[in-house]
Amino acid sequence: MMEEKMNLEQQDKQYVLQTYARDYTNFVKGVGSTLYDDEGRDYIDFASGIGVNSVGHANPTLTKALCEQAQKILHISNLQVIEPQAKLAKRVVELSGYDMALFFGNSGAEANEGAIKIARKYGETQFEKKRYKVITLEHSFHGRTITTVKATGQESFHTPNFSPYPDGFSYVSTLDAIVEAVDDETVAVMIELVQGEGGVEPFEKEAVQKLARFLKEREILLIVDEVQTGIYRTGAFLASNLYEIEPDIITLAKGLGGGVPIGAVMTTHKSILSAGDHGSTFGGNYLSSVAGLAVLEVLEPLSQEGVIAQSIAYFSEKLEDIAQRYGHLFEKAVGVGLMRGLRAKTAEVQTTIVKEAMGEGLILLKAGRNTVRFLPSLTISKDEIDEGFRRFETVLSQL
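Heads up: take any position in the sequence shown, counting from 1, add 274, and you land on this note's numbering.
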């Protein structure tokens with residue numbers, strides 16, 4: 275078995291571009307929030323593929339929908355109408371409570387690219403003087419394409435290796451600073467309501483609402499990147515619902531497909547784009563749209579029945595208890611819903627915990643500001659939460 279594992283690692287290193295600092299545990303099966311490697315060892319999954327596996331591994335509803343669709347049609351082009359795509363768009367709009375329309379792509383970065391294109395056309399066509407500037411926040415993360423990297427408010431991403439970058443992006447440190455940064459060429463402000471990669475850092479509700487009002491008065495678009503916060507991750511269908519704001523543009527991905535690649539940009543400006551302005555070969559095809567419909571079929575009842583809220587409360591209770599009892603390791607618990615973190619005292623503590631947890635059979639993530647990040651599936655069971663935190667304490671007790 276060790277020889278096979280080495281062969282897999284060697285194959286990966288020889289044939290796959292090395293853009294990830296990979297762990298070489300070879301997972302072969304998953305059930306719910308538990309993964310199994312090729313040696314039969316189980317791992318509690320508190321990462322869910324970085325917030326993607328919203329309904330867990332091998333969810334029967336999602337699996338059945340995908341298998342049935344695969345026997346019919348996987349893909350046609352967007353030159354023909356795609357029935358599940360239209361149904362998914364309708365469902366997302368209904369659940370959001372906003373009067374919007376959607377464009378489907380394949381990832382969060384694509385969704386954010388679409389949002390920026392919508393904003394740029396709005397700025398070109400709706401004003402006498404062109405507006406094109408987009409303001410984002412420091413510690414933000416919006417994607418890995420050239421444009422979304424530039425929209426990301428982390429200087430470490432703006433390496434000269436990929437320059438020159440598109441013009442028109444600037445960054446500020448706080449929501450209040452956005453007001454000062456706006457000028458007559460500003461077309462949009464793009465924010466995450468909870469900064470995921472930036473340390474699971476939520477913004478104050480009143481400050482967000484104040485910003486939304488300010489932008490609305492000046493006809494500046496508010497783009498909310500909900501790639502990670504969307505689809506019940508914060509407890510509400512969208513974090514925008516939780517914050518009680520009405521953005522002009524919202525982007526989605528990750529949890530919407532439950533593991534099948536999908537991205538979506540939704541906007542109140544339903545007629546801003548015309549035929550030929552934007553497109554995607556694979557976006558919203560039969561497979562990904564059916565996946566999205568199945569995910570919502572699973573999660574909506576769990577939300578309505580209070581199951582997700584109960585899981586959030588139980589997970590939060592466990593996390594706060596850890597933060598209090600291990601104050602020598604952590605400053606505080608952060609985040610909302612099932613998008614949570616523990617702010618470690620140092621980067622060394624953070625790195626050690628995530629590494630040692632893997633050895634203990636617990637999958638965790640790292641985020642900015644020395645944060646140990648937790649993104650479990652929204653269907654995680656109480657037993658899996660208990661076992662995960664038992665393993666977590668085993669790691670902490672050895673530090």
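Here a beta-carbon is modelled for each residue, glycine too, at the ideal position from N, C-alpha and C.
Per DSSP, reduced to three states, the secondary structure at Met-374 is coil, with no helix or strand assignment. With 16 or more other CB atoms across the displayed protein chains lying within 10 angstroms of its CB, Ser-414 is buried. Val-564 sits in a helix when the DSSP states are folded into three classes. Asp-657 carries a helical assignment under DSSP once its states are collapsed to helix, strand and coil. The straight-line gap separating the alpha-carbon atoms of Thr-668 and Ser-651 is approximately 22 Å. Here Arg-664 is exposed, its C-beta having fewer than 16 other C-beta atoms within 10 Å. Under the three-state reduction of DSSP, Leu-576 is assigned to helix.
When secondary structure is reduced to three states using DSSP, Glu-466 falls in the coil class, being assigned neither helix nor strand. Within a 10 Å sphere around the beta-carbon of His-416 sit 16 or more other beta-carbons, which makes this residue buried.
Counting only runs of 4 or more residues that sit fully inside the segment 304–334, the alpha helix (DSSP H) segments are 322–325, in chain order. Thr-645 and Asp-595 have their C-alpha atoms spaced approximately 17 Å apart. For the pair Ala-462 and Gly-558, the Cα-to-Cα distance works out to about 26 Å. Under DSSP, Pro-476 takes part in a beta bridge, and its partners are Val-468. DSSP places Ile-497 in no alpha helix (DSSP H) but in the uninterrupted beta strand (DSSP E) bounded by 495–499. By the Cβ neighbour-count rule, His-331 is buried, with 16 or more other Cβ atoms within 10 Å of its own. If you draw a straight line from the Cα of Val-366 to the Cα of Ser-381, it comes to about 16 Å. Your pair Phe-378 and Gln-359 checks out as a contact, with CB atoms roughly 6 Å apart and the cut at 8 Å. In the structure shown, Lys-407 falls within a strand segment according to DSSP collapsed to helix, strand and coil. Assigned with DSSP and collapsed to three states, Lys-544 falls in coil, not helix or strand.
Counting the other Cβ atoms within 10 Å of the Cβ of Val-329 gives 16 or more, which makes it buried.
For Ser-430, there is no enclosing alpha helix (DSSP H), since its DSSP letter is neither H nor E. Checking the DSSP bridge columns, you'll see Arg-614 partnered with Gly-609, Phe-648.
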